[in-house]
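K.L.:
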Amino acid sequence: MKNDSLIHWHSMFMGVALLAAARSKDARKRNGACIVGPDNKISGVGYNGLPRGCDDHDEHYWQDDDSDPLNSRHSYIVHAEQNAILNCTSLPLHGSTIYATQYPCPRCVQSIIQVGIKRVVYLDKKAHQERVNAASEKMLADAGVEIESLQALQPESAEWSAELAQFIETSTTNR
Ligand SMILES: O=c1ccn([C@H]2C[C@H](O)[C@@H](COP(=O)(O)O)O2)c(=O)[nH]1
Ligand SMILES: [Zn+2]
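70 is the number that UniProt numbering gives to position 70 of the sequence shown; each next residue is one higher, with no gaps.
(1) Could you tell me which whole beta strand (DSSP E) segments of length 3 or greater appear in the UniProt domain "CMP/dCMP-type deaminase" (8 to 139)?
(2) How about Lys138: is its Cβ closer than 6 Å to a heavy atom in ligand 1?
(3) Nearest to Met139 by alpha carbon, out of Ala100, Ser75 and Gln114?
(4) What is the rounded straight-line gap between the Cα of Gln63 and the Cα of Arg28?
(5) Can you look up Ser149 in the DSSP assignment and give me helix, strand or coil?
(6) Looking at ligand 2, does it come within less than 6 Å of Arg107, judged from the CB to the closest heavy atom?
(7) Heavy atom of ligand 2 less than 6 Å from the Cβ of His128, yes or no?
(8) Within the continuous alpha helix (DSSP H) that includes Leu164, where are the two ends?
(9) Measuring only the C-alpha atoms, how far is Asp142 from Asn3?
(10) State buried or exposed for His94, treating a residue as buried only when at least 16 other CB atoms are found within 10 Å of its CB.
(11) Compute the minimum distance between the beta carbon of His60 and the heavy atoms of ligand 4, and state whether it is under 6 Å.
(12) When every heavy atom of ligand 2 is checked, does at least one fall within less than 6 Å of the C-beta of His79?
(13) Let me check understanding here. Comparing Cα to Cα, which of Asn40, Ile77 and Ile42 lies closest to Pro51?
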């Protein structure tokens, strides 16, 4: 007998991004991203973290002094979207969609555009980063890359993803 109780494709891909995010060591924000080809095949997954070989336990990397690049976490962390692109196992990415747990920053947007990704689906948007988000939005619009919230695209998927995020948050201690 056929089982019709499936999740949407959007739920599956945002779910993969959320699971990837659960691997992030960033105590401030755990992000994930999942890149999907036009044929619904996953090409790459990533989360925010330090580059390979940089010790997660080295507190130097997690400092917050933005006035000194040597002591700023922003010099070191590879963003989830960048990692998803760098981790891709199938190329090219032209025409792909990236599912991101957070509205991508301008740096990530640059990479997204340059590899030919044509659509961004995001889960959360930080309202206090209005100007940063506007910079991302301008580049995406000029480059003809669509961006939409999962909430607007598929409300049931957004609700399911929020529940999954909550479940992951409360159940991730070295499992
Ligand atoms: O597009 C983005 C933006 C940010 N991140 C990561 C980078 C950090 O690990 C956290 C928090 O970012 P802040 O800039 O320190 O607020 O989120 C990402 O993965 N993708
Ligand atoms: Zn970014």
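Note that CB positions come from ideal geometry on N, CA and C, so glycine has one too.
P.N.:
In short:
(1) 32 to 36, 42 to 47, 97 to 102 and 119 to 124
(2) no
(3) Gln114
(4) 11 Å
(5) Assigned with DSSP and collapsed to three states, Ser149 falls in strand.
(6) yes
(7) No, the Cβ of His128 stays beyond 6 Å of every heavy atom of ligand 2.
(8) Pro155 to Thr170
(9) Taking the CA atoms as reference points, Asp142 sits about 43 Å from Asn3.
(10) exposed
(11) Annotation note on ligand 4: not contained in the displayed structure, which lists ligand 1 and ligand 2 as its ligands.
(12) Indeed, a heavy atom of ligand 2 lies less than 6 Å from the Cβ.
(13) Ile77
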